[in-house]
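> Mapping of the sequence shown onto this note's numbering: residues 2 to 458, in sequence order.
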Amino acid sequence: ILQKQYEDVATQNKINLASFYGRQNYKCSNKNTNCETGAMFGKKCKSCPYDKARERALASQLCVMNYDLFLSLKEYSEKFRDVRFSSIICDEAHKLESFLTDFNTLDWTTEKCSYYEVEYMDILKYEHLCSYFNEIAIPLLREYLVFMEDEYPYIMGERGDLDISETKIIQRYDMGFEDLRKMGELVKLSKKDFEFKHSIVTTEKGWKVKHLFGAENCIKYMQNYCEKMIFLSGTFPNIHETIEELGIPVEECEILRLPTTFAKENRQFVYIPVGKVNSNWNNDEILKQNILDTVLDLLNVHNTENGIIHTSSFAIATWLFDELTKIGTKHILYHHNDGNRDKVIKEFTTNIHETKLLISPSITEGLDLKDDLGRFAIFVKVPYPYLGDQWVKKRTDTSQEWYMKQAVINIVQGAGRVVRDVNDYGVTYMLDTCYEQLVKNAYYMFPEYWHEAVVKL
2 ILQKQYEDVA TQNKINLASF YGRQNYKCSN KNTNCETGAM FGKKCKSCPY DKARERALAS
62 QLCVMNYDLF LSLKEYSEKF RDVRFSSIIC DEAHKLESFL TDFNTLDWTT EKCSYYEVEY
122 MDILKYEHLC SYFNEIAIPL LREYLVFMED EYPYIMGERG DLDISETKII QRYDMGFEDL
182 RKMGELVKLS KKDFEFKHSI VTTEKGWKVK HLFGAENCIK YMQNYCEKMI FLSGTFPNIH
242 ETIEELGIPV EECEILRLPT TFAKENRQFV YIPVGKVNSN WNNDEILKQN ILDTVLDLLN
302 VHNTENGIIH TSSFAIATWL FDELTKIGTK HILYHHNDGN RDKVIKEFTT NIHETKLLIS
362 PSITEGLDLK DDLGRFAIFV KVPYPYLGDQ WVKKRTDTSQ EWYMKQAVIN IVQGAGRVVR
422 DVNDYGVTYM LDTCYEQLVK NAYYMFPEYW HEAVVKL
């Protein structure tokens, strides 16, 4: 969404902007597929649209791309790796560290172990990780790669005309080679360094080793390749901590704060203290009834307008969707899970001839409900990160301020889904009394313009 907005602004103002996307976004006409798939088999196309876009990006004085693509190019692209920039401008920079900590992680799954013929083990501690890697995974993965090189000579030679099965073999080999490299780097770390830099996180299919902070990747892939970095965001809670998280000395930074141009009457935040919505919410029948009654009252107030409910958990979203469906509302209800999120969002934003309500646990950003697409938002629960995630728990243990900061970002960004420009208007409601404690502890983290628009009922 944001990249498309930059493209539109550049076109309107006749700015020469190169907009660059990943391979999967370009059509390979010779092979009737996208360039990501096409690059894996057959001869290289003489006129590749992805290569042309990349060359234009490298030659342009101004280029826009997403964080994931930039980091991947810096790590894996020979043509892009050593390129230096006069400036790297990071928009929505409050999200940058999240991308940096997710990038270049070791993702270990039962499926991979099946490919590599390596015994799978659940790992939770550093000591077990080192033993498993050194004694089992690394030796067997090396054997697998040697076998692949002997069995399929084209892996090490010219990867010319390949069929789909050969392409999959190369993909698995490359994936194994990369995993072996990451394992080798991890076992070199002392326990102290590992515990400080990384977290082992359980996933649905296995586990992964994730960076605890973004500083190392920020320095390696960004700071080392530019003269200066410019960070832009409407939500920078505790800006000095954010700078330190990215490994940037505070004394080397200049901070510029600008007032909002949105009238407070157009962006009211209404606090309705219904009750404390914590992990025990499902056992409190009175609380659940109060939440449901309040939501129904608000839907009646906005019975001709579209809106979104932020629940902060799939369990609350599912419960609320089921209850509202049983009772019946004038709003057409939309509810998503991890698997159909994009599909539901598309349906919600394109079906314009109906009054609708989106119930979501996780869409506080990346959703443009401009004008009549969204006139109200409801927070059922303060959107703190999920402490059941090992990475979140470990990061919170290092900094309670970081934990509060994420809630502040999610609230401000979530409210912003329904107020998109200076002429737009919308109202946001907060039902969770945990909001009071957050404001008490983190008042200074909210933008200066925030509190002037808060109304308590």
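The beta-carbon is built from N, C-alpha and C at its ideal position, and this holds for glycine as well.
Keep in mind the model is a prediction, meaning the values are calculated, not measured.
Would you kindly work out how many angstroms separate the C-alpha atoms of Arg421 and Gly375, rounded to a whole number?
What you label residue 421 is simply residue 420 of the sequence shown in a count that begins at 1. What you label residue 375 is simply residue 374 of the sequence shown in a count that begins at 1. Near 10 Å, if we compare the C-alpha coordinates of Gly375 and Arg421.
> Is the distance from the Cβ of Ala58 to the Cβ of Tyr27 below 8 Å?
Residue 58 sits at position 57 when you count from the first residue of the sequence shown. Residue 27 sits at position 26 when you count from the first residue of the sequence shown. Not in contact: Ala58 and Tyr27 (Cβ atoms no closer than 8 Å).
> Please determine, among Asn341, Gln290, Lys331 and Val345, the residue with the shortest C-alpha to C-alpha distance to Leu321.
In the sequence shown, the residue the question calls residue 321 occupies position 320. Ranking Asn341, Gln290, Lys331 and Val345 by Cα distance to Leu321 puts Gln290 first.
> Which residue or residues does DSSP assign as beta-bridge partners of Phe377?
The residue given as residue 377 occupies position 376 in the sequence shown. Answer is Gly308 and Val428.
> In the structure shown, what three-state DSSP assignment does Ile231 receive?
As a first step, residue 231 is located in the sequence shown; it is residue number 230 there, counting from the start. Correct three-state label for Ile231: strand.
> Quickly, what does DSSP pair Leu288 with across the bridge? List them, please.
Position 287 of the sequence shown, counting from 1, holds the residue named residue 288. DSSP, once it has assigned bridges, lists no residue as partnering Leu288.
> Write down the C-beta distance between Lys229 and Glu217 rounded to the nearest angstrom, noting that I regard them as a contact closer than 8 Å.
For this step, residue 229 is matched to residue 228 along the sequence shown. For this step, residue 217 is matched to residue 216 along the sequence shown. With 8 Å as the limit, Lys229 and Glu217 do not qualify as a contact, their Cβ atoms being about 20 Å apart.
> At what residue ranges does the region 30-113 contain a whole run of the beta strand (DSSP E), taking only runs of 3 or more?
Listed in chain order, they are 86-91 and 107-110.
> On the DSSP bridge list, what partners appear for Val419?
Within the sequence shown, residue 419 is the residue found at index 418, counting from 1. Partner(s): none; Val419 has no beta bridge.
> Rounded to whole angstroms, what is the Cα-Cα separation between Gly417 and Phe263?
Stepping through the sequence shown from its first residue, residue 417 is reached at position 416. Stepping through the sequence shown from its first residue, residue 263 is reached at position 262. Taking the straight line joining both Cα atoms gives about 11 Å.
> Tell me which residues share the same chain as Asn338 and place their Cβ nearer than 8 Å to its Cβ, disregarding the 5 neighbours each side in the sequence.
Looking up residue 338 in the sequence shown gives position 337. The residues are Phe315.
> Looking at C-alpha atoms only, which residue of Leu74, Ala11 and Lys96 is the closest neighbour of Leu63?
Stepping through the sequence shown from its first residue, residue 63 is reached at position 62. The option with the nearest alpha carbon to Leu63 is Ala11.
> In whole angstroms, what is the alpha-carbon distance linking Ser361 and Glu136?
Within the sequence shown, residue 361 is the residue found at index 360, counting from 1. Within the sequence shown, residue 136 is the residue found at index 135, counting from 1. Computed Cα separation, rounded: 44 Å.
> Is the beta carbon of Pro238 sitting closer than 8 Å to the one on Lys382?
Indexing the sequence shown from 1 puts residue 238 at position 237. Indexing the sequence shown from 1 puts residue 382 at position 381. Not in contact: Pro238 and Lys382 (Cβ atoms no closer than 8 Å).
> Within 10 angstroms of its Cβ, does Leu358 collect 16 or more other Cβ (buried), or is it exposed?
Against the sequence shown, residue 358 aligns to sequence position 357. Counting Cβ neighbours within 10 Å, Leu358 comes out buried, since at least 16 surround it.
> Since Ile360 sits in a beta bridge, which residues does DSSP pair it with?
Residue 360 sits at position 359 when you count from the first residue of the sequence shown. DSSP lists Ile310 and His336 as partners of Ile360.
> Check whether the region 392-400 and the region 430-446 are in contact - that is, three or more C-beta pairs closer than 8 Å.
Short answer: they don't touch.
> Rounded to whole angstroms, what's the CA-CA distance from Met431 to Thr305? Just pull it up for me.
Working through the sequence shown from its first residue, we reach residue 431 at position 430. Working through the sequence shown from its first residue, we reach residue 305 at position 304. Taking the straight line from one Cα to the other gives about 21 Å.
> Where do the ends of the alpha helix (DSSP H) carrying Lys183 lie?
To locate residue 183, count along the sequence shown from 1; it is residue 182. Where Lys183 is concerned, the enclosing alpha helix (DSSP H) stretches over Ile165 to Val188.
> Does DSSP put Phe27 in a helix, in a strand, or in coil?
Walking along the sequence shown from the start, residue 27 turns up at place 26. What sits at residue 27 in the sequence shown is Tyr, not Phe. DSSP places Tyr27 in coil when its eight states are reduced to three.
> Round the Cβ separation of Ile201 and Gln391 to the nearest angstrom and send it over; I've been treating them as touching at under 8 Å.
On the sequence shown, residue 201 is found 200 positions in, with the first residue counted as 1. On the sequence shown, residue 391 is found 390 positions in, with the first residue counted as 1. Indeed, because the Cβ distance is near 7 Å, the residues count as touching under 8 Å.
> Counting C-beta neighbours from all protein chains within 10 Å, is the total for Asn307 16 or more, i.e. buried, or is it exposed?
Here residue 307 refers to the residue found at position 306 when the sequence shown is read from its first residue. Asn307 should be labelled buried.
> Can you list, in chain order, the stretches of the beta strand (DSSP E) that have 3 or more residues and sit fully within the region 192-238?
If we require 3 residues or more, the beta strand (DSSP E) runs fully inside the region 192-238 come out as 199-203, 207-212 and 227-232.
> Indicate the three-state DSSP secondary structure (helix, strand or coil) for Ala19 in the structure shown.
Position 18 of the sequence shown, counted from the first residue, corresponds to residue 19. Looking at Ala19 - three-state DSSP - the assignment turns out to be strand.
> Under a Cβ-count criterion, where at least 16 other Cβ atoms within 10 Å of its own Cβ denotes burial, should Cys254 be classed as buried or exposed?
One-based indexing of the sequence shown puts residue 254 at position 253. Classification of Cys254: exposed, given that the 10 Å Cβ count is below 16.
> Whose C-alpha, out of Lys169, Tyr222 and Lys183, is nearest the C-alpha of Asp108?
Indexing the sequence shown from 1 puts residue 108 at position 107. Nearest C-alpha to Asp108: Lys183.
> Does the beta-carbon of Asn105 have 16 or more other beta-carbons within 10 angstroms, so that it is buried, or is it exposed?
Translated into positions along the sequence shown, residue 105 becomes position 104. Buried, since its Cβ has 16 or more Cβ neighbours within 10 Å.
> Looking at the unbroken beta strand (DSSP E) that takes in Val271, where does it start and where does it end?
Sequence index remark: in the sequence shown, residue 271 carries index 270 (1-based). Residues Phe270 to Gly276.
> How long is the line joining the alpha carbons of Cys227 and Ser88, rounded to whole angstroms?
Position 226 of the sequence shown, counted from the first residue, corresponds to residue 227. Position 87 of the sequence shown, counted from the first residue, corresponds to residue 88. Cα to Cα, the separation comes out at about 6 Å.
> Does DSSP put Asp459 in a helix, a strand or coil?
The question about residue 459 has no answer, for the chain in this structure spans 2 to 458.
> Which value, in whole angstroms, describes the spacing of the CA atoms of Leu3 and Gln438?
As a working mapping, residue 3 is identified with position 2 in the sequence shown. As a working mapping, residue 438 is identified with position 437 in the sequence shown. Their Cα atoms are separated by approximately 33 Å.
> Under the rule that 16 or more other beta-carbon atoms within 10 Å means buried, what is Ser280, buried or exposed?
Indexing the sequence shown from 1 puts residue 280 at position 279. Burial call: exposed.
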